[in-house]
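In the UniProt record's numbering, the protein residues as written are 1 to 179. Even for Gly, the Cβ is constructed at its ideal location relative to N, Cα and C. In this text, all values refer to a predicted model and were calculated from it rather than measured experimentally.
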């Protein structure tokens, strides 16, 4: 529930996907609230400049300090809303459009396990649970840097290691995955 007295809204993904943004991100934008995003998308492709806070760029204590500073400084907080003078956010009936496409599309694609399929295609990476290690406060930066710079290499190694034998056992069938 969006309240008019909220300044920020946590909009966090459960996986880092380069082409997926949760629908929860759009509600705060429409209700004049600054979203705090945590996901794998390049948000600059989807959101106006300086309209959100990317939590991946901050350690939790740094993020908390930024939010407190913005909460106590109306001018600094207002900079996250300047774009509203040039653009008007609105929610379009995307679920209706989705239902229409589901019922009128004649081509079907079946994926056995969609999250695995997306990860293997290099679209998503799983967020490890111990991402914030108190003994190594910058471990989260190393994780993000490593996974975003070496994502294709990591994906290829994973596929080669885990699916080469599986493809061989299918005996003449088309491979499940191209390696």
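Please report the Cβ distance between residue 36 and residue 16, rounded to the nearest whole angstrom; I am assuming they are in contact, meaning their Cβ atoms lie under 8 Å. By one-based count along the chain shown, residue 36 stands at place 36. By one-based count along the chain shown, residue 16 stands at place 16. In fact, because the Cβ distance is near 15 Å, the residues do not count as touching under 8 Å.
Here's the rule I'm using: 16 or more other beta-carbon atoms within 10 Å means buried, otherwise exposed. How should residue 11 be labelled? Position 11 of the chain shown holds residue 11. Buried, by the Cβ-count rule.
Looking only at its own chain, which residues have a Cβ that is under 8 Å from the Cβ of residue 69, when we skip the five neighbours before and after it? Mapped onto the chain shown, residue 69 falls at position 69. Same-chain partners within the cutoff: 76.
Is residue 33 helix, strand or coil by DSSP? Locating residue 33 in the chain shown gives position 33, counting from the first residue. The answer is coil: DSSP assigns residue 33 none of H, G, I, E or B.
With DSSP collapsed to three states, give me the class of residue 47. As a working note, residue 47 is residue 47 in the chain shown. Three-state DSSP puts residue 47 in coil, outside helix and strand.
Distance, Cα to Cα, residue 49 vs residue 41? By one-based count along the chain shown, residue 49 stands at place 49. By one-based count along the chain shown, residue 41 stands at place 41. Their backbone Cα atoms lie some 15 Å apart in a straight line.
Terminal residues of the continuous alpha helix (DSSP H) containing residue 25? Translated into positions along the chain shown, residue 25 becomes position 25. No alpha helix (DSSP H) holds residue 25; DSSP gives it neither H nor E.
Rounded C-alpha distance that separates residue 78 from residue 60: As a working mapping, residue 78 is identified with position 78 in the chain shown. As a working mapping, residue 60 is identified with position 60 in the chain shown. Going from the Cα of residue 78 to the Cα of residue 60 covers about 22 Å.
Proximity to residue 39 [Cα-Cα], best of 24, 30, 31, 33: For the purposes of this step, residue 39 is identified with residue 39 of the chain shown, where counting begins at 1. Out of 24, 30, 31, 33, 24 has the C-alpha closest to the C-alpha of residue 39.
Which of the three DSSP states is assigned to residue 20 in this structure? Here residue 20 is taken as the residue at index 20 of the chain shown, counted from 1. Three-state result, residue 20: coil.
What first and last residue would you give for the alpha helix (DSSP H) that runs through residue 61? Within the chain shown, the letter at position 61 stands for residue 61. It spans 60–72 - the alpha helix (DSSP H) in which residue 61 sits, taken as one unbroken run.
C-alpha gap between residue 52 and residue 46, whole angstroms: Looking up residue 52 in the chain shown gives position 52. Looking up residue 46 in the chain shown gives position 46. Distance between the alpha carbons of residue 52 and residue 46: 11 Å.
Would residue 74 be called buried (16 or more neighbouring beta carbons within 10 Å of its own) or exposed? Counted from its first residue, the chain shown places residue 74 at position 74. With fewer than 16 Cβ atoms within 10 Å of its Cβ, residue 74 is classed as exposed.
Are there 16 or more other CB atoms within 10 angstroms of the CB of residue 6, so buried, or fewer, so exposed? Along the chain shown, one-based indexing puts residue 6 at 6. Residue 6 is exposed by the Cβ-count criterion.
Sequence-distant residues of the same chain with beta carbon closer than 8 Å to residue 81, five excluded per side: On the chain shown, position 81 is the one that residue 81 refers to. Excluding sequence neighbours, residue 81 sits near 32, 34, 51.
Give me the Cα-Cα distance between residue 101 and residue 83, rounded to the nearest whole angstrom. Locating residue 101 in the chain shown gives position 101, where the first residue counts as 1. Locating residue 83 in the chain shown gives position 83, where the first residue counts as 1. Going by the C-alpha atoms only, they are around 32 Å apart.
For residue 55 versus residue 67, is the C-beta spacing smaller than 7 Å? By 1-based counting over the chain shown, the position of residue 55 is 55. By 1-based counting over the chain shown, the position of residue 67 is 67. Cβ atoms of residue 55 and residue 67: not closer than 7 Å.
With distances taken from CA atoms, which of 89, 103, 43, 65 is nearest residue 20? Along the chain shown, one-based indexing puts residue 20 at 20. Minimum Cα distance to residue 20 is reached at 43.
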